[in-house]
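Each residue of the sequence shown is one higher than the last, beginning at 3 in the numbering used here. C-beta atoms are modelled at their ideal positions from N, C-alpha and C, and glycine is treated no differently.
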Amino acid sequence: MTFARIIGTGSYMPERILTNADLEQMVDTTDQWILDRTGIRERRIIAEDQKVSDLAEIAAKRALEASGTKAVDIDLVIVASATSELIFPSLACLIQQRLGIGDCPAFDINAACTGFIYQLDVANQFIKNGSAKNVLLVAAEGLSKVVDWDDRATCVLFSDGAGAVVLTADSKPGIRSTHIHADGTYSELLYAPSGRYGDDPPHIRMKGNDVFKVAVTKLGAVVTEALQANNLVVDDIDWLVPHQANLRIIKATAKRIHLPMERVILTIEKQGNTSAASVPLALDTGVREGKIKAGDTVLMEAFGAGFTWGSALVDF
Ligand SMILES: CC(C)(COP(=O)(O)OP(=O)(O)OC[C@H]1O[C@@H](n2cnc3c(N)ncnc32)[C@H](O)[C@@H]1OP(=O)(O)O)[C@@H](O)C(=O)NCCC(=O)NCCS
3 MTFARIIGTG SYMPERILTN ADLEQMVDTT DQWILDRTGI RERRIIAEDQ
53 KVSDLAEIAA KRALEASGTK AVDIDLVIVA SATSELIFPS LACLIQQRLG
103 IGDCPAFDIN AACTGFIYQL DVANQFIKNG SAKNVLLVAA EGLSKVVDWD
153 DRATCVLFSD GAGAVVLTAD SKPGIRSTHI HADGTYSELL YAPSGRYGDD
203 PPHIRMKGND VFKVAVTKLG AVVTEALQAN NLVVDDIDWL VPHQANLRII
253 KATAKRIHLP MERVILTIEK QGNTSAASVP LALDTGVREG KIKAGDTVLM
303 EAFGAGFTWG SALVDF
């Protein structure tokens, strides 16, 4: 039997830090309000001369290096992003060219904040059916470009960054299962217009309180679904790597499966919500801090616009 195994992780965050104190100067908010309601202290902002593809490229190179895989041996590239600098070509094609990866399939997916879980699901299928052997996944966002900096309800949440992983075909797991979901009837609770039709500026619009309630319900259900599908109990899980959107949502999800917070990878305080990049960024942070080790079983989950949501259960 063939499994898709994560053999390297990488990430990158832009240099510029925007603190809660900085935001106090920009909108009617306080450090205490942001910290209490979200758990975020600071977020990163892409530089004037940087593009989302630049963030993606650095994260991808770091993941390749960590995996010991040569760029020419990659035979599938999938990028997740909702904020590419180009409509086309895809970020995946840009990354393929910049890294010197040869002719292979390369495409982007947009599942908003759930992008990385969707990527893992798709890559797993390519590897399991023998269509790909070494897969590069990169998730990269420049959300600061679509934030309305006058809207205190959203501008405090979002951040820029990129995360990447290399997967390879192996006889031992690997990805044990993925569970991806979407329900477009919720599309008006969280969206960003393209800015190309009508008068709507390309800014994130969100009914935060409604999003919060659905996120807690769906994430609780999807982590339970992952445990049940694999006949696992919470003690079998070494780490939860959640989407870093709101500390209260993360705590509610961990509580749902009775997982102590000591076994949750938390990066939200310094990274904010980087949408699709959030889970691979947190994963790479957990690996590089020496928390996630070979042999560990890791449960990842995410929730985002669409709504989309999902989980992946992975052995390292
Ligand atoms: C955005 C979020 C932090 C707001 O927290 P909340 O507890 O739901 O707060 P509400 O939206 O009910 O707003 C409560 C009050 O705080 C105010 N408020 C909103 N943003 C504020 C800010 N940055 N600073 C101070 N006050 C703020 C609101 O205007 C409201 O004031 P009112 O009671 O006078 O009308 C929270 O809803 C959330 O995190 N939702 C999920 C968002 C998310 O994760 N989105 C991405 C999904 S991938």
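Contact between the region 148–162 and the region 271–285 is defined here as three or more beta-carbon pairs at a separation below 8 Å; is this criterion met? In this structure the region 148–162 touches the region 271–285; the number of beta carbon pairs closer than 8 Å is three or more.
Looking at the strands, I want to know which residues DSSP matches up with Asp110. Reading the sequence shown from its first residue, position 108 is the one you call residue 110. Asp110 pairs with Val81.
Under a three-way DSSP split, which group does Gly132 fall into? Your numbering for residue 132 matches position 130 in the sequence shown. In this structure, Gly132 counts as coil in the three-state DSSP scheme.
Alpha carbon of Arg45 to alpha carbon of Ala171, nearest angstrom: Taking the sequence shown and counting its residues from 1, one reaches residue 45 at position 43. Taking the sequence shown and counting its residues from 1, one reaches residue 171 at position 169. Rounded to the nearest angstrom, the two C-alpha atoms are 35 Å apart.
Rounded C-alpha distance that separates Ile42 from Ser55: To locate residue 42, count along the sequence shown from 1; it is residue 40. To locate residue 55, count along the sequence shown from 1; it is residue 53. Linking Ile42 to Ser55 through their CA atoms gives a straight-line distance of about 25 Å.
Reference Ile47, options Val148, Asp152 and Arg258, closest by Cα: Sequence index remark: in the sequence shown, residue 47 carries index 45 (1-based). If we check each option's Cα against that of Ile47, Val148 comes out closest.
Cβ shell of Cys157 (< 8 Å), same chain only, five flanking positions each side left out: Numbered from 1 along the sequence shown, position 155 holds the residue referred to as residue 157. Counting only residues of its own chain and dropping the five nearest sequence neighbours on each side, Cys157 has a CB closer than 8 Å to the CB of Leu25, Met28, Val29, Val149, Asp150 and Trp151.
Let's test the definition: count the other Cβ atoms within 10 Å of the Cβ of Met208 and tell me whether it reaches 16, buried, or not, exposed. Counted from its first residue, the sequence shown places residue 208 at position 206. With 16 or more other Cβ atoms within 10 Å, it is buried.
Rounded C-alpha distance that separates Arg178 from Asp298: Here residue 178 is taken as the residue at index 176 of the sequence shown, counted from 1. Here residue 298 is taken as the residue at index 296 of the sequence shown, counted from 1. In this structure, the straight-line span from the alpha carbon of Arg178 to that of Asp298 is close to 12 Å.
For the alpha helix (DSSP H) that Thr170 lies in, which residues bound it at each end? In the sequence shown, the residue the question calls residue 170 occupies position 168. From DSSP, Thr170 is part of no alpha helix (DSSP H) but of the beta strand (DSSP E) over Asp162 to Asp172.
Whose CA, out of Ala108, Lys53, Asn22 and Ser189, lies closest to the CA of Thr40? As a working note, residue 40 is residue 38 in the sequence shown. Nearest of Ala108, Lys53, Asn22 and Ser189 to Thr40, Cα basis: Asn22.
Return the residue from the list Leu285, Gly222 and Asn275 that minimises the CA-CA distance to Ile259. The residue given as residue 259 occupies position 257 in the sequence shown. The residue with the shortest Cα to Cα distance from Ile259 is Gly222.
Alpha-carbon spacing of Leu169 relative to Leu301, whole angstroms: Here residue 169 corresponds to residue number 167 of the sequence shown, with the count starting at 1. Here residue 301 corresponds to residue number 299 of the sequence shown, with the count starting at 1. Pairing Leu169 with Leu301, the inter-Cα distance amounts to about 16 Å.
Thinking C-beta only, is Cys106 closer than 8 Å to Ile76? Here residue 76 refers to the residue found at position 74 when the sequence shown is read from its first residue. Here residue 106 refers to the residue found at position 104 when the sequence shown is read from its first residue. At the C-beta level, Ile76 and Cys106 come within 8 Å of one another.
One or two residues paired with Trp311 in a DSSP bridge: Walking along the sequence shown from the start, residue 311 turns up at place 309. According to DSSP, which records beta bridges pairwise, Trp311 is partnered with His183 and Phe305.
With a Cβ-Cβ cutoff of 8 Å, do Ala113 and Thr310 count as a contact? Within the sequence shown, residue 113 is the residue found at index 111, counting from 1. Within the sequence shown, residue 310 is the residue found at index 308, counting from 1. Annotated as proximal: Ala113 and Thr310, with beta-carbon spacing under 8 Å.
Near Asp238, which residues of its chain fall below 7 Å by C-beta distance, leaving aside the five closest residues on each side in sequence? To locate residue 238, count along the sequence shown from 1; it is residue 236. Apart from the 5 residues on each side of it in sequence, Asp238 sits with its Cβ closer than 7 Å to the Cβ of Thr299 in its chain, given in chain order.
From Ala307 to Thr85, what distance separates their C-alpha atoms? For the purposes of this step, residue 307 is taken as the residue at position 305 of the sequence shown. For the purposes of this step, residue 85 is taken as the residue at position 83 of the sequence shown. In this structure, the CA atom of Ala307 is about 13 Å from the CA atom of Thr85.
Under 8 Å: do the region 95–106 and the region 187–194 share three or more Cβ pairs, one atom per stretch? Counting Cβ pairs under 8 Å, fewer than three are found: no touch.
Expected contact under 8 Å - CB spacing of Leu20 and Ala58 to nearest Å: The residue labelled residue 20 in the question sits at position 18 within the sequence shown. The residue labelled residue 58 in the question sits at position 56 within the sequence shown. Not really, about 21 Å apart at Cβ, beyond 8 Å.
Val235 (DSSP reduced to helix, strand or coil): In the sequence shown, residue 235 corresponds to position 233, counting from 1. Val235 falls in the coil class under three-state DSSP.
From Ala61 to Val140, what does the alpha carbon distance come to, in whole angstroms? Counted from its first residue, the sequence shown places residue 61 at position 59. Counted from its first residue, the sequence shown places residue 140 at position 138. Roughly 7 Å between the two C-alpha positions.
How big is the Cα-Cα spacing for Asp185 and Ser173? On the sequence shown, position 183 is the one that residue 185 refers to. On the sequence shown, position 171 is the one that residue 173 refers to. Rounded to the nearest angstrom, the gap between the Cα atoms of Asp185 and Ser173 is 35 Å.
Could you check if Arg207 belongs to the surroundings of ligand 1, using beta carbon to heavy atom distance under 7 Å? Numbered from 1 along the sequence shown, position 205 holds the residue referred to as residue 207. Incorrect: Arg207 has no Cβ contact closer than 7 Å to ligand 1.
Contacting residues, own chain, Cβ-Cβ under 8 Å from Leu261 (five flanking each side not counted): Numbered from 1 along the sequence shown, position 259 holds the residue referred to as residue 261. Apart from sequence neighbours up to five positions away, the residues of its chain that approach Leu261 with a beta-carbon distance below 8 Å are Val236, Ile239 and Leu242, ordered along the chain.
Following the continuous beta strand (DSSP E) through Glu67, name the residue where it begins and the one where it ends. The residue given as residue 67 occupies position 65 in the sequence shown. For Glu67, there is no enclosing beta strand (DSSP E); the residue is found in the alpha helix (DSSP H) stretching over Val54 to Ser69.
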